[in-house]
Amino acid sequence: MPKGYKLKTKSGAKKRFKITGTGKVKYQQTGKRHGMIKRTTKTIREHRGTAVLFKTDGDNVKKYWMPNG
Numbered sequence: 001m002p003k004g005y006k007l008k009t010k011s012g013a014k015k016r017f018k019i020t021g022t023g024k025v026k027y028q029q030t031g032k033r034h035g036m037i038k039r040t041t042k043t044i045r046e047h048r049g050t051a052v053l054f055k056t057d058g059d060n061v062k063k064y065w066m067p068n069g
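Residue numbering for the sequence shown follows our numbering, starting at 1 and increasing by one per position.
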């Protein structure tokens, strides 16, 4: 019996998301490219580093864009 088709991971998803060991999806915080002078120090600090997607959004990313994990 033949196996199903192999699915490629979307190239854009490879660059934007990382799946942790527990299956959560991490992403880089947005809003730090330009226009920082008009943002508060608190906003700049809060957008530092990575964050974790909500579970339902992470499940959709894994299902549709990153089928191989």
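From the three backbone atoms N, C-alpha and C, an ideal C-beta is built for every residue, glycine too.
Handout entry: C-beta atoms of V52 and K24 nearer than 7 Å
Key = Your numbering for residue 52 matches position 52 in the sequence shown. Your numbering for residue 24 matches position 24 in the sequence shown. Yes.
Exercise for the section: Would you give the residue range spanned by the alpha helix (DSSP H) that K42 belongs to? Expected result: Sequence index remark: in the sequence shown, residue 42 carries index 42 (1-based). That run of the alpha helix (DSSP H) goes 41-46.
Exercise for the section: Flag this pair as touching only if the stretch 35-42 and the stretch 58-68 have three or more C-beta atom pairs under 8 Å; answer yes or no. Expected result: Touching, no, given that fewer than three Cβ pairs across the two stretches are closer than 8 Å.
Practice task
Counting only the same chain and skipping the five closest in sequence on each side, list residues whose C-beta sits under 8 Å from that of I19.
Solution key: On the sequence shown, residue 19 is found 19 positions in, with the first residue counted as 1. For I19, the CB contacts under 8 Å within the same chain, skipping 5 residues up- and downstream, are V25, K26, K62, M66, G69 in chain order.
Handout entry: Beta-carbon proximity of Q29 to H47, cut-off 7 Å
Key = Numbered from 1 along the sequence shown, position 29 holds the residue referred to as residue 29. Numbered from 1 along the sequence shown, position 47 holds the residue referred to as residue 47. Yes, Cβ-Cβ distance for Q29 and H47 is below 7 Å.
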